[in-house]
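S.K.: Note that the protein sequences, when read in sequence, are chains G and F. FYI, in UniProt numbering the residues of the first sequence are 1 to 292. FYI, in UniProt numbering the residues of the second sequence are 1 to 292. Beta carbons are placed, not taken as given, at the ideal position from N, Cα and C, and that holds for glycine.
Protein chains: 2
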Amino acid sequence: MKAVAMPTVSRVAVCGGTHGNELAGIYLVREMLKKRADGTEPVSVVTVMSNPRAAQLCVRYVETDLNRCFTRAALSAPVSETSPYEMIRSQELNALLGAQRSVDLLCDLHNTTANTGLCLITYSDRDWICLHICKHLSTNRRFVKKNTLFLSAMEIGPQPHGVVRSVIFSAMQEGVQLMMDWICQFNSGTLFEGGWVDVYTMVKNIDYPRDSETHMISAAVHPDLQDRDFCLLHPGDPMFLCFSGETLRYRGKEALYPFFINEGAYYEKGVALSLARKRRVQIPSVRSETLR
Amino acid sequence: MKAVAMPTVSRVAVCGGTHGNELAGIYLVREMLKKRADGTEPVSVVTVMSNPRAAQLCVRYVETDLNRCFTRAALSAPVSETSPYEMIRSQELNALLGAQRSVDLLCDLHNTTANTGLCLITYSDRDWICLHICKHLSTNRRFVKKNTLFLSAMEIGPQPHGVVRSVIFSAMQEGVQLMMDWICQFNSGTLFEGGWVDVYTMVKNIDYPRDSETHMISAAVHPDLQDRDFCLLHPGDPMFLCFSGETLRYRGKEALYPFFINEGAYYEKGVALSLARKRRVQIPSVRSETLR
Numbered sequence: 001m002k003a004v005a006m007p008t009v010s011r012v013a014v015c016g017g018t019h020g021n022e023l024a025g026i027y028l029v030r031e032m033l034k035k036r037a038d039g040t041e042p043v044s045v046v047t048v049m050s051n052p053r054a055a056q057l058c059v060r061y062v063e064t065d066l067n068r069c070f071t072r073a074a075l076s077a078p079v080s081e082t083s084p085y086e087m088i089r090s091q092e093l094n095a096l097l098g099a100q101r102s103v104d105l106l107c108d109l110h111n112t113t114a115n116t117g118l119c120l121i122t123y124s125d126r127d128w129i130c131l132h133i134c135k136h137l138s139t140n141r142r143f144v145k146k147n148t149l150f151l152s153a154m155e156i157g158p159q160p161h162g163v164v165r166s167v168i169f170s171a172m173q174e175g176v177q178l179m180m181d182w183i184c185q186f187n188s189g190t191l192f193e194g195g196w197v198d199v200y201t202m203v204k205n206i207d208y209p210r211d212s213e214t215h216m217i218s219a220a221v222h223p224d225l226q227d228r229d230f231c232l233l234h235p236g237d238p239m240f241l242c243f244s245g246e247t248l249r250y251r252g253k254e255a256l257y258p259f260f261i262n263e264g265a266y267y268e269k270g271v272a273l274s275l276a277r278k279r280r281v282q283i284p285s286v287r288s289e290t291l292r
Numbered sequence: 001m002k003a004v005a006m007p008t009v010s011r012v013a014v015c016g017g018t019h020g021n022e023l024a025g026i027y028l029v030r031e032m033l034k035k036r037a038d039g040t041e042p043v044s045v046v047t048v049m050s051n052p053r054a055a056q057l058c059v060r061y062v063e064t065d066l067n068r069c070f071t072r073a074a075l076s077a078p079v080s081e082t083s084p085y086e087m088i089r090s091q092e093l094n095a096l097l098g099a100q101r102s103v104d105l106l107c108d109l110h111n112t113t114a115n116t117g118l119c120l121i122t123y124s125d126r127d128w129i130c131l132h133i134c135k136h137l138s139t140n141r142r143f144v145k146k147n148t149l150f151l152s153a154m155e156i157g158p159q160p161h162g163v164v165r166s167v168i169f170s171a172m173q174e175g176v177q178l179m180m181d182w183i184c185q186f187n188s189g190t191l192f193e194g195g196w197v198d199v200y201t202m203v204k205n206i207d208y209p210r211d212s213e214t215h216m217i218s219a220a221v222h223p224d225l226q227d228r229d230f231c232l233l234h235p236g237d238p239m240f241l242c243f244s245g246e247t248l249r250y251r252g253k254e255a256l257y258p259f260f261i262n263e264g265a266y267y268e269k270g271v272a273l274s275l276a277r278k279r280r281v282q283i284p285s286v287r288s289e290t291l292r
């Protein structure tokens, strides 16, 4: 396959604290902010604390989930002083990073209580830059095991919200460094060979079992499923263990890949886990346009 | 040693949700509340949701930490409608459970993000009932490894706040059941042999390293120490790994036992871990007074 020529990635944004209690990204961004750019960097990196008020309070959000405020509708809605803080902040961030296409690539740092390892989440399976970065990270020994994917976000777990664990911080730091290494090599004209990348596409969310009267959760994720993100779940496999002792099984007809299993922030969203289908996506060789 | 005759334990309180985001205790109390007493129980158990507003919001507390409102001063302070919710609630709980000595034993259920296993926390090393319950739990196979102690609280981890993990829920359920079994046997006249119990007494708290200017945390607990609660920490052992990469070591002169390592709720209290000294406490044989 012929190498696809693509624009250089000259402006990168690294964001942390989109959720104010996901501490690895917050501390990593604070570390990055300490190192002032001196103009000799091969790539221009803008480092952003996405939700500084929530980070200050160590809560996911102050008034509404910032990560749900980047829809076209939310970004174009009229805001005033009485609008939810995150609605105002999303428009500020969009003006800074999005509206004028002022950055070529944005990496938003997240943590999860689920045992996902390092995941990259992107919204297109034809974004060759993101998929090449995925491939680059997955060939790094440290990330082989759980590196799987979906990049506009880098998600790492398990880590409790409101806590920073050193190994998770280091994995995120290394993940960002590997991404920057790839970008620098790409910009300097390196040809990156194509190949196949495993991609997980979300099929559906599963809620916790609930009491029919109170609507309260009546079961936890089954011990056999807990922490087994991206391990195939077959029909009939244990899924939940009720507080009363009963085991509930996966009743779907298709074996699927669970992820975000028992993510703390999703209790309020009614999501106990998500299920994905795995595909192999063929990606072309790429090199930067400037050296075509 | 002669058996000490002690009053029966006829009224027990089991409390959950003193911290509203410690979900195992909250779900266990909700399960217990479903089972109405029919008057045939050998022991009278009152089950209490300590901080229902915080539990509803899934936050540690609404206005102030309820677990710090049980001091003599807080319990006797005048309160009004404008007082912090937890100040009012602590006085309600004290009237219900404490003031008239209306219960003989209180077990307050907590979770921690630290890898403590099941711990019982008590404020006296001469409370033979609590220490016998500890001994009873520690001879149960499941709890041998990490059962250690300080009972007025049963603390289990690791579990992220705002999350319920099935194995932690089950361990707590089993811990409460073993406690109730011991109480029933004790009340029915069983002689419990004395012996030795390992007790950990708190020596001091250690804060996270902080930036001298911003006062922000500049290091996480070192990977070699993380999750090693109740494993002896020697002078010179790694303690923190700075975000900048530097390792900081334990500089005390005495080997001590770390616990509550990297507990999420203690960031705001300036506690990265606590250090304890281990002692063996000799406890006498006990039996209930009624059958003396």
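Just how far apart, CA to CA, sit asparagine 94 (chain G) and histidine 110 (chain G)?
M.R.: Their backbone Cα atoms lie some 18 Å apart in a straight line.
S.K.: Does any CB atom of chain G fall closer than 8 Å to the CB of tyrosine 267 (chain F)?
M.R.: Chain G, which has a Cβ nearer than 8 Å to the Cβ of tyrosine 267 (chain F), makes this yes.
S.K.: Which stretch, first to last residue, makes up the alpha helix (DSSP H) that contains asparagine 187 (chain G)?
M.R.: Here the alpha helix (DSSP H) through asparagine 187 (chain G) covers 166-187.
S.K.: Please name the residue, chosen from F:Gln91, F:Asp125 and F:Glu193, that lies closest to arginine 280 (chain F) on a Cα-to-Cα basis.
M.R.: Residue F:Asp125 is the option with its Cα nearest to arginine 280 (chain F).
S.K.: Considering only residues of the same chain and omitting the five flanking positions on each side of glutamine 56 (chain F), which have a CB-CB separation below 8 Å?
M.R.: Cβ neighbours of glutamine 56 (chain F) beyond the five flanking positions: Gly20.
S.K.: Are the beta-carbon atoms of isoleucine 121 (chain G) and glycine 194 (chain G) separated by less than 8 Å?
M.R.: Against a cut-off of 8 Å, the Cβ pair of glycine 194 (chain G) and isoleucine 121 (chain G) comes out as no contact.
S.K.: Verify the CB distance criterion: does histidine 234 (chain G) have a CB-CB separation below 8 Å to chain F?
M.R.: It does not: the Cβ of histidine 234 (chain G) has no partner Cβ on chain F nearer than 8 Å.
S.K.: Select from the segment 156-176 of chain F all residues with a C-beta closer than 9 Å to any C-beta belonging to chain G, and list them in chain order.
M.R.: Going along the segment 156-176 of chain F in chain order, one finds Pro158, Gln159, Pro160, His161, Gly162, Val163, Val164, Arg165, Ser166, Val167, Ile168, Phe169, Ser170 and Gln173 with a Cβ nearer than 9 Å to chain G.
S.K.: Going by DSSP in three states, phenylalanine 150 (chain F) sits in which element: helix, strand or coil?
M.R.: For phenylalanine 150 (chain F), the predicted structure reports a pLDDT of 38, less than 50, and the residue's modelled location is therefore unreliable. The matter cannot be settled from this model.
S.K.: Below 8 Å on the Cβ atoms is my guess for leucine 64 (chain F) versus glutamate 86 (chain F); work out the distance and round it to an integer in Å.
M.R.: In the sequence on display, residue 64 (chain F) carries threonine and not leucine. Correct: roughly 5 Å between the Cβ atoms.
S.K.: Can you tell which of F:Ala220, F:Gln185 and F:Lys204 has the C-alpha that lies nearest to the C-alpha of arginine 210 (chain F)?
M.R.: Selected option, being the one with the closest Cα: F:Ala220.
S.K.: Which residue wins for smallest C-alpha separation from valine 286 (chain G), given the options G:Met179, G:His136, G:Ile129 and G:Phe243?
M.R.: Answer by Cα proximity: G:Ile129.
S.K.: Using alpha carbons as the reference points, say which of F:Ala73, F:Pro7 and F:Asp207 lies closest to glycine 217 (chain F).
M.R.: Looking at the sequence itself, residue 217 (chain F) is isoleucine, so the reference to glycine does not match. Checking every option, the nearest Cα to that of isoleucine 217 (chain F) belongs to F:Asp207.
S.K.: Buried or exposed: glutamate 254 (chain G), going by 16 or more other Cβ atoms within 10 Å of its Cβ?
M.R.: Under this definition glutamate 254 (chain G) is an exposed residue.
S.K.: So is histidine 215 (chain G) buried or exposed if we call it buried at 16+ other beta carbons inside 10 Å?
M.R.: It counts as exposed.
S.K.: Looking at C-alpha atoms only, which residue of G:Ala276, G:Ser152 and G:Leu178 is the closest neighbour of cysteine 107 (chain G)?
M.R.: Comparing Cα-Cα distances from cysteine 107 (chain G) to each of G:Ala276, G:Ser152 and G:Leu178, the minimum goes to G:Ser152.
S.K.: In angstroms with no decimal places, state the Cα-to-Cα distance between serine 212 (chain G) and cysteine 242 (chain G).
M.R.: Those two C-alpha atoms are separated by around 14 Å.
S.K.: Look up glutamine 91 (chain G) in the DSSP assignment and say whether it is helix, strand or coil.
M.R.: Of the three classes helix, strand and coil, the one that applies to glutamine 91 (chain G) here is helix, per DSSP.
S.K.: Helix, strand or coil for glutamate 86 (chain F), going by three-state DSSP, please let me know.
M.R.: In this structure, glutamate 86 (chain F) counts as helix in the three-state DSSP scheme.
S.K.: Consult DSSP for phenylalanine 259 (chain G) and reduce its assignment to one of helix, strand or coil.
M.R.: Note: phenylalanine 259 (chain G) maps to strand in three-state DSSP.
S.K.: Just reading off the alpha helix (DSSP H) that proline 52 (chain F) is part of, what are its end residues?
M.R.: Its alpha helix (DSSP H) spans residues 52-57.
S.K.: Helix, strand or coil, according to DSSP, for glutamate 155 (chain F) in the structure here?
M.R.: Here glutamate 155 (chain F) sits in strand by DSSP.
S.K.: Can you look up residue 297 (chain F) in the DSSP assignment and give me helix, strand or coil?
M.R.: Residue 297 (chain F) lies beyond the range of chain F shown here (1 to 292); nothing can be said about it.
S.K.: Alpha carbon to alpha carbon, what distance is there between arginine 68 (chain F) and tyrosine 250 (chain G)?
M.R.: Roughly 43 Å separates the two Cα atoms.
S.K.: DSSP three-state label for aspartate 207 (chain F), please.
M.R.: Reduced to three states, the DSSP call for aspartate 207 (chain F) is coil.
S.K.: Among the candidates F:Leu191, F:Glu174, F:Met239 and F:Ala265, whose CA atom is the shortest distance from the CA of lysine 2 (chain F)?
M.R.: Checked all of F:Leu191, F:Glu174, F:Met239 and F:Ala265; the closest Cα to lysine 2 (chain F) is F:Leu191.
S.K.: Excluding the 5 residues preceding and the 5 following threonine 205 (chain F) in the sequence, name in chain order all residues of the same chain whose CB lies nearer than 6 Å to its CB.
M.R.: The question names threonine, yet the displayed sequence has asparagine at residue 205 (chain F). Correct list, in chain order: Val271 and Ser274.
S.K.: Determine the burial state of valine 14 (chain F): buried for a count of at least 16 other Cβ atoms within 10 Å of its Cβ, exposed for fewer.
M.R.: Buried is the call here.
S.K.: Under 7 Å from any heavy atom of the ligand SAH, does the C-beta of valine 45 (chain G) make it?
M.R.: Of ligands this structure carries none, so the ligand SAH is not represented either.
S.K.: How is valine 199 (chain G) classed by DSSP in three states: helix, strand or coil?
M.R.: DSSP places valine 199 (chain G) in strand when its eight states are reduced to three.
S.K.: Excluding five sequence neighbours on each side, which residues of the same chain lie with their C-beta closer than 8 Å to the C-beta of serine 50 (chain G)?
M.R.: Closer than 8 Å at Cβ, skipping near neighbours: Cys15, Gly16, Gly17, Thr18, Leu66, Arg89, Leu93 and Asp108.
S.K.: Does DSSP put asparagine 111 (chain F) in a helix, in a strand, or in coil?
M.R.: Strand, per DSSP.
S.K.: So, is the C-beta of valine 9 (chain G) closer than 8 Å to a C-beta in chain F?
M.R.: Not closer than 8 Å to any Cβ of chain F, the Cβ of valine 9 (chain G) fails to qualify, so no.
S.K.: Which class does valine 29 (chain G) belong to by DSSP, given the choice of helix, strand or coil?
M.R.: Helix at valine 29 (chain G).
S.K.: Anything in chain F within Cβ reach of arginine 210 (chain G), meaning under 9 Å, just list it in chain order.
M.R.: The premise fails here: arginine 210 (chain G) is roughly 12 Å from chain F at the closest Cβ pair, so nothing lies under 9 Å.
S.K.: Considering only the alpha carbon of each residue, which of F:Arg30, F:Arg53, F:Gly175 and F:Leu105 lies closest to threonine 8 (chain F)?
M.R.: With distances taken between Cα atoms, threonine 8 (chain F) lies closest to F:Leu105.
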